[in-house]
Amino acid sequence: MIGRYSQSAGRTAKWREDVHLDEGGRQELSGRKRKVSVYPITGRQLGFLSVPHRFCEECEQTIRLVRRVAADMEGSVEVEVRPWLRYVFDALRRGGWHAPVVVVDGRLFSQGVVPDETALRTALEQGAPAGDEGDC
134 MIGRYSQSAG RTAKWREDVH LDEGGRQELS GRKRKVSVYP ITGRQLGFLS VPHRFCEECE
194 QTIRLVRRVA ADMEGSVEVE VRPWLRYVFD ALRRGGWHAP VVVVDGRLFS QGVVPDETAL
254 RTALEQGAPA GDEGDC
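Here my numbering = 1-based position in the sequence shown + 133.
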């Protein structure tokens, strides 16, 4: 086990002992659920605004794909769907400019396209997001 010194904005620094490195040097998180956030532009956005699903077919496909992969991971992955307009600054802060945005453990995984299922499964199993797959 390798500890990491982490400091969040507005919080005091602390030592994290839940970080492991596997044989390939990739980060492996032990004892924690992986968190996947999807930021779609469709559906109910701001209390009074609802965007039709036909506006972005990729958004609904991405949500279904992420939920299916999470279900296959037997409870080790938590899926959160956050409306793009309501959480736009959160998505932009993580580098997601084009919906649907997929964020794995706070790091951008893909944007603007339906992510590759194999790449998503690999990223969730190995503990490190593969990176931005979308076209800008």
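Here a beta-carbon is modelled for each residue, glycine too, at the ideal position from N, C-alpha and C.
Which whole-angstrom value is the C-beta distance of R177 and S183, which I expect to be below 8 Å?
In this structure R177 is in contact with S183, their Cβ atoms being roughly 5 Å apart against a cut-off of 8 Å.
Within 8 Å, do at least three Cβ pairs link the segment 185-196 to the segment 237-250?
A contact exists between the segment 237-250 and the segment 185-196.
List the residues that DSSP assigns as beta-bridge partners of K168.
Residue pairing by DSSP places K168 opposite E211 in a beta bridge.
Across which residues does DSSP place Q259 in a beta bridge pair?
Answer by DSSP bridge pairing: none, since Q259 is not bridged.
Among the candidates V202, P233, R227, A203, whose CA atom is the shortest distance from the CA of W239?
Here residue 239 turns out to be Gly, not Trp, going by the sequence shown. Ranking the options by Cα distance to G239, first place goes to R227.
When the Cα atoms are used, what is the spatial distance from K168 to G180?
Their backbone Cα atoms lie some 25 Å apart in a straight line.
Restricting to runs no shorter than 4 residues, where is the alpha helix (DSSP H) found entirely within the segment 173-253?
190-205, 221-226
Relative to the alpha-carbon of R203, which residue among D223, L218, V237 has its alpha-carbon at the smallest distance?
The amino acid occupying residue 203 in the given sequence is Ala; Arg does not appear at that position. It is V237.
Alpha carbon to alpha carbon, how far is L257 from F242?
If you take the alpha carbons of L257 and F242, they lie about 11 Å apart.
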